[in-house]
Every structure is written in structure tokens, then in C-alpha cells.
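Colleague:
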Amino acid sequence: MALLIKNGEIITADSRYKADIYVEGETITRIGQSLEAPPGTEVIDASGQYVFPGFIDPHVHIYLPFMATFAKDTHETGSKAALMGGTTTYIEMCAPSRHEDTLEGYQLWKGKAEGNSYCDYTFHMAVTRFDDKTAAQLREIVKDGINSFKIFLSYKGFFGVDDGEMYQTLRLAKELGVIVTAHCENAELVGQLQQKLLSEGKTGPEWHEPSRPESVEAEGTARFATFLENTGATGYVVHLSCKPALDAAMDAKARGVPLFIESVIPHFLLDKTYAERGGVEAMKYIMSPPLRDKRNQKALWDALAMGFIDTVGTDHCPFDTAQKLLGKDAFTAIPNGIPAIEDRVNLLYTYGVSRGNLDIHRFVDAASTKSAKLFGLFPRKGTIAVGSDADLVIYDPSYRGKISAATQSVNNDYNGFEGFEIDGKPRVVTVRGKVAVRDGQFVGEKGRGKLLRREPMYF
1 MALLIKNGEI
11 ITADSRYKAD
21 IYVEGETITR
31 IGQSLEAPPG
41 TEVIDASGQY
51 VFPGFIDPHV
61 HIYLPFMATF
71 AKDTHETGSK
81 AALMGGTTTY
91 IEMCAPSRHE
101 DTLEGYQLWK
111 GKAEGNSYCD
121 YTFHMAVTRF
131 DDKTAAQLRE
141 IVKDGINSFK
151 IFLSYKGFFG
161 VDDGEMYQTL
171 RLAKELGVIV
181 TAHCENAELV
191 GQLQQKLLSE
201 GKTGPEWHEP
211 SRPESVEAEG
221 TARFATFLEN
231 TGATGYVVHL
241 SCKPALDAAM
251 DAKARGVPLF
261 IESVIPHFLL
271 DKTYAERGGV
281 EAMKYIMSPP
291 LRDKRNQKAL
301 WDALAMGFID
311 TVGTDHCPFD
321 TAQKLLGKDA
331 FTAIPNGIPA
341 IEDRVNLLYT
351 YGVSRGNLDI
361 HRFVDAASTK
371 SAKLFGLFPR
381 KGTIAVGSDA
391 DLVIYDPSYR
401 GKISAATQSV
411 NNDYNGFEGF
421 EIDGKPRVVT
431 VRGKVAVRDG
441 QFVGEKGRGK
451 LLRREPMYF
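Following full-length UniProt numbering, the numbering of the sequence shown begins with 1 at its first residue and continues without gaps.
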């Protein structure tokens with residue numbers, strides 16, 4: 001069935017105007033004033049509403065075996081939550097450990113998602129070791145449509161790579177035209193600090209942040225940039241959390257290093273005091289990099305507003321209360337992660353655009369368009385234009401409400417943003433022309449989501 005969205009205010013990364021949008025099949029075919037549609041067309045009146053391009057979360061974990069357990073979401077529950085929050089495409093970290101075969105891991109992740117996602121998706125392929133089989137396997141994965149890798153400068157012995165493996169990965173990425181995303185810390189230093197704190201009897205969640213301090217993240221960011229500079233590869237720092245790491249990334253950019261920056265919504269709004277509450281309430285807020293001193297938030301918001309921070313993701317990785325309690329005797333055993341895929345857009349709009357100084361076009365860019373451009377999805381995704389996929393979010397800026405675990409779609413028993421006020425909410429969300437959220441209620445089609453294959457672009 002064709003779809004006509006009338007009377008909405010279209011807002012993209014670089015334009016704002018009132019017009020109608022006509023959708024045939026899966027794509028936008030007309031944009032204009034007072035469009036007519038043939039009989040049988042579904043018509044949605046978007047008067048008084050914004051119409052955004054579908055939002056893209058560049059950093060999520062759905063299937064993830066990690067720290068003696070598994071992340072709580074499935075591709076069904078995670079994609080439903082994404083759509084309820086206005087995210088129509090997500091990029092999942094495909095992250096087999098060092099002890100698993102890379103290609104088998106890729107096939108496993110693909111199989112988990114296929115036929116189960118309500119919205120479109122793709123993967124960053126984690127490189128967690130580099131041996132005599134790795135290059136050939138990565139070439140095969142790139143040929144299958146994956147144009148981004150992920151490395152961890154953390155989690156020694158599980159996900160982490162050493163400097164030699166990072167160098168080999170970046171050399172191959174440059175040859176293949178692939179962008180490399182990186183979790184920037186220092187695995188050796190974190191491990192030593194963790195053991196020191198535990199030996200001193202400092203076992204509670206409040207010691208997680210001191211075990212991975214800002215200086216460690218800054219060092220990892222600078223080191224990653226140095227390796228990019230000396231291999232010619234293009235890089236992307238994930239979940240940057242603090243001003244020292246931001247300064248290191250900006251220094252590299254100033255030298256001409258091809259480096260992009262992502263921060264995630266928890267680091268804009270939560271601070272380390274949440275992880276200092278004691279007991280399981282503190283454990284809920286353990287993630288890496290950790291929540292930081294509140295002074296960092298202004299630096300992140302300012303950098304986002306100026307475009308120095310390119311994208312805002314989530315690092316969505318839900319573990320429930322029982323799973324968090326696996327670390328009751330040692331903070332090093334608390335599963336790292338927090339759910340956010342459903343709340344990112346509303347929180348960024350509320351505290352950036354509605355109540356802050358974030359330009360609405362920069363909001364769209366950071367939450368959708370820039371990810372589409374960086375990861376080979378634009379202009380199919382990330383904009384509203386004739387020929388683009390009809391991933392659309394009709395957004396009600398007059399809505400007022402509060403976030404609550406009682407009303408969330410994420411498969412988890414708590415919400416890290418419990419009680420946060422929101423100014424605005426998606427009213428209608430479409431996936432390639434098919435309505436998935438209508439009047440705030442989920443009506444999506446399981447299996448509608450497709451794997452988005454992408455071409456290398458960073459030669």
C-alpha cells in the first residue's frame with residue numbers, strides 16, 4: 001500500500017520546510033505541496049509534528065556473550081525497542097571473542113538477526129585477534145557487505161588486541177577501504193589497576209571508574225590516532241566519555257588524522273555518582289568507559305554542538321539486576337553495559353534541542369545522517385529525499401512524559417534513566433514505507449528488517 005504523509009514539517013540535517021511525502025513500495029517517490037494520492041493510499045496527517053529521517057544507532061549490542069552471561073535483548077526485543085524510540089537502523093557489534101573463529105562468529109551473528117529484526121541493521125565486525133587466518137576471513141566478510149571493523153584496546157584476553165594486532169588490522173583496513181572503530185583504553189594498565197584496587201580490599205562498584213581513569217582513555221585515544229597516522233587508515237572512536245580523551249582526538253584531527261568521534265547518550269546525562277550509590281543500584285550503572293565526573297558533560301555537549309563529536313550512539317547492552325549481581329564480590333565481575341536504544345533520541349532531543357543549545361539540524365545529523373554517511377548508508381538512509389528509503393519518524397514535540405522501566409520495550413528490569421523527563425516522542429515510525437509504530441503503539445512486522453550491505457569507501 002502507498003503511504004502519504006501530509007502537512008508535516010520536514011527536518012533533515014540541512015533543511016527545514018513544510019511539505020507532503022509520498023511513498024510507493026519502500027522508497028520516497030515524491031515530496032511537495034498538497035500532493036494527491038490514488039485511492040487506497042494510507043494517509044497520515046502530521047500537522048503540528050516534525051518529520052525526521054529514521055534515526056540510526058551506530059553502536060549497539062544485541063547478541064553478546066560477555067562476562068559469564070549474555071546481554072538480555074534478542075533481535076526481536078531490541079529492534080522493537082529501537083523503533084519505539086525512533087531508531088529505524090542499528091549497527092550491531094559482531095564480537096566473537098579471541099577464542100572463537102572470526103568467520104564462524106560473523107555467520108552466528110548474522111543467523112541470530114536474520115528473520116527476527118523489526119528494522120534494518122548491519123554490523124561492525126570485531127577483530128579480536130589477528131592470526132594467519134584473519135586477513136582472508138576479513139576479506140570474505142567485507143565482500144559480504146561489511147565495511148567497518150571494531151577493535152578493543154581493553155578486555156585483555158577476551159576481546160582485546162595488542163598493538164601488533166592493531167597495526168595489522170589497520171593496514172588491512174586501509175587496503176580494503178574499511179573504517180575501523182575502536183574502544184580506546186589501555187588493557188594492560190586497566191588490568192594492573194584493577195588488581196591493585198582489589199588487593200587493597202576495594203571491591204565495590206565505586207572502584208570501577210578509578211580502575212579505568214580518564215587518563216587511560218586519553219592514552220588509548222592518542223595511541224589509536226598514532227597508529228592511524230602511521231598506517232593511513234580511517235578511524236572512529238566509540239563511546240568517548242571525557243574531556244582528556246576528546247582533547248587527544250581533537251589534537252589528532254588537527255594534525256590531519258582521519259578520525260571521527262562518537263559519544264553515547266549515558267555520558268551526556270549521567271555521571272559517576274550514579275555508580276557510587278552502593279549495592280545493586282550502583283552496579284546498574286557500570287559500563288566502560290565508566291561514567292565520569294560531571295564536569296565532562298559540558299565539554300561533550302559543546303563538542304557535539306560544534307560538530308567535533310560526530311555521532312551520538314548508545315552502546316546499548318542490557319544486563320538485568322540478577323546479572324549485575326554477579327559482581328557483588330568484585331567490581332571486575334559486574335557485566336558492563338546499560339540499555340539505551342529506546343531512549344537515545346528522546347533524551348538527545350529533550351536535553352539537547354528542547355532544553356539545551358543543540359541546533360535541531362545538528363541533532364538530526366548526529367543521531368542519523370552522519371552515521372549514514374560514515375558507514376556507507378547515505379543517501380539510502382539518513383535523509384528525506386526522493387529515492388531514499390522511507391524510514392520516517394513523525395515526532396510530536398508537544399508530548400511531555402517520563403522514562404520508566406514500567407513502560408519500556410527493552411527486555412530488562414530497570415532503566416538507567418528512570419524518572420528523566422522527556423519533551424517529545426515519536427508518534428509514527430515507518431520502516432521502508434511500512435508503519436511500525438502508530439500513535440505510539442507498536443505494530444511492526446517481525447522479519448521486516450534486512451541486513452544492509454555496504455561498500456568499502458575509505459581507500
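The beta-carbon is built from N, C-alpha and C at its ideal position, and this holds for glycine as well. Computed from a predicted model, the values in this text were never measured in an experiment.
1) Measuring straight from C-alpha to C-alpha, what distance separates Thr169 and Gly177?
2) If you drop the 5 nearest sequence neighbours on each side, which residues of the same chain put their C-beta closer than 6 Å to that of Asn116?
3) If we count Cβ pairs, one from each stretch, closer than 8 Å, do we get three or more for the segment 25-39 versus the segment 393-401?
4) Can you give the Cα-Cα distance for His124 and Glu92, rounded to whole angstroms?
5) Which ranges would you report for the beta strand (DSSP E) in the segment 92-152 if only whole runs of at least 3 residues count?
6) Got a sec? Which residues, its chain only, sit under 8 Å from Arg400 by beta carbon, not counting five neighbours each side?
7) Is Arg344 closer than 8 Å to Asp57 when the C-beta atoms are compared?
8) If you reduce the DSSP assignment to three classes, tell me which class His183 lands in.
9) Roughly how many angstroms separate the alpha carbons of Gly256 and Ser404, rounded to a whole number?
10) Taking 8 Å as the cut-off, decide whether the C-beta atoms of Ser241 and His267 are in contact.
11) Since Ala82 and Gln408 are thought to touch, with beta carbons under 8 Å apart, how far apart are those beta carbons, to the nearest angstrom?
12) Quick one: what's Phe52 bridged to in DSSP?
13) Could you tell me if Met287 is buried or exposed, where buried requires 16 or more neighbouring beta carbons within 10 angstroms of its beta carbon?
14) Under 8 Å, do Ile21 and Ile28 count as touching if we go by C-beta distance?
15) Output the distance between the C-alpha atoms of Ala173 and Cys119, rounded to the nearest integer angstrom.
16) Candidates Gly105, Lys450, Phe55, Ala282: which alpha carbon is nearest Leu64's?
17) Within the same chain, show all residues whose beta-carbon is closer than 7 Å to that of Met457, passing over the 5 residues directly before and after it, in chain order.
18) With a cut-off of 8 Å on the beta carbons, I'd call Val410 and Pro339 a contact; round off their distance for me.
19) Helix, strand or coil: how does DSSP classify Gln297 here?
20) Helix or strand or just coil, what does DSSP make of Pro335?
21) Taking buried to mean at least 16 other C-beta atoms within 10 Å of its own C-beta, is Val443 buried or exposed?
22) On the criterion of 16 or more Cβ atoms from any shown chain inside 10 Å, does His99 qualify as buried, or is it exposed?
23) Indicate the three-state DSSP secondary structure (helix, strand or coil) for Ala13 in the structure shown.
24) Are at least three pairs of beta-carbons, each pair with one atom in the segment 277-284 and one in the segment 301-312, less than 8 Å apart?
25) Report buried or exposed for Arg295, applying the criterion of at least 16 other Cβ atoms within 10 angstroms of its Cβ.
26) By the three-class DSSP mapping on this structure, what secondary structure does Leu189 have?
27) Taking the alpha carbon of Tyr167 as the reference point, which residue from Val312, Phe130, Ala406 has its own alpha carbon closest?
28) Suppose you measure from the CA of Phe66 to the CA of Asn230; what does that come to, to the nearest Å?
Modeller: Taking the definition as stated:
1) Looking at the two C-alpha atoms, the distance is approximately 12 Å.
2) So the qualifying residues of the chain are His75, Glu76.
3) In short, these stretches do not touch, since the Cβ pair count stays below three.
4) Their backbone Cα atoms lie some 6 Å apart in a straight line.
5) Correct list: 120-126, 148-152.
6) By the criterion of a C-beta distance shorter than 8 Å, Arg400 is surrounded in its chain by Glu421, Ile422, Asp423, once the five residues flanking it on both sides are discounted.
7) Yes, the pair counts as a contact, with Cβ atoms nearer than the cut-off.
8) Assigned with DSSP and collapsed to three states, His183 falls in strand.
9) Distance between the alpha carbons of Gly256 and Ser404 is about 44 Å.
10) Contact flag set, yes.
11) In fact, because the Cβ distance is near 12 Å, the residues do not count as touching under 8 Å.
12) For Phe52, which the question treats as bridged, DSSP gives the partners Val393.
13) Buried is the label assigned to Met287, since at least 16 other Cβ atoms lie within 10 Å of its Cβ.
14) A contact, by the Cβ cut-off of 8 Å.
15) Rounded to the nearest whole angstrom, the CA to CA distance from Ala173 to Cys119 is 28 Å.
16) Minimum Cα distance to Leu64 is reached at Gly105.
17) Closer than 7 Å at Cβ, skipping near neighbours: Asn147, Gly177, Gly376.
18) Between Val410 and Pro339 the beta-carbon gap is near 5 Å, inside 8 Å, which marks them as a contact.
19) Three-state result, Gln297: helix.
20) In the displayed model, Pro335 falls within coil according to three-state DSSP, outside both helix and strand.
21) For Val443, the number of other beta carbons within 10 angstroms of its own is below 16, and it is reported as exposed.
22) His99 is exposed by the Cβ-count criterion.
23) Taken through DSSP and simplified to helix, strand or coil, Ala13 comes out as coil.
24) With a cut-off of 8 Å, the segment 301-312 and the segment 277-284 do not count as touching, because too few Cβ pairs lie within range.
25) Around the Cβ of Arg295, a 10 Å sphere holds fewer than 16 other Cβ atoms; the residue is exposed.
26) In the three-state reduction of the DSSP assignment, Leu189 falls in the helix class, which pools H, G and I.
27) The option with the nearest alpha carbon to Tyr167 is Phe130.
28) Between the C-alpha atoms of Phe66 and Asn230 there is a straight-line separation of about 32 Å.
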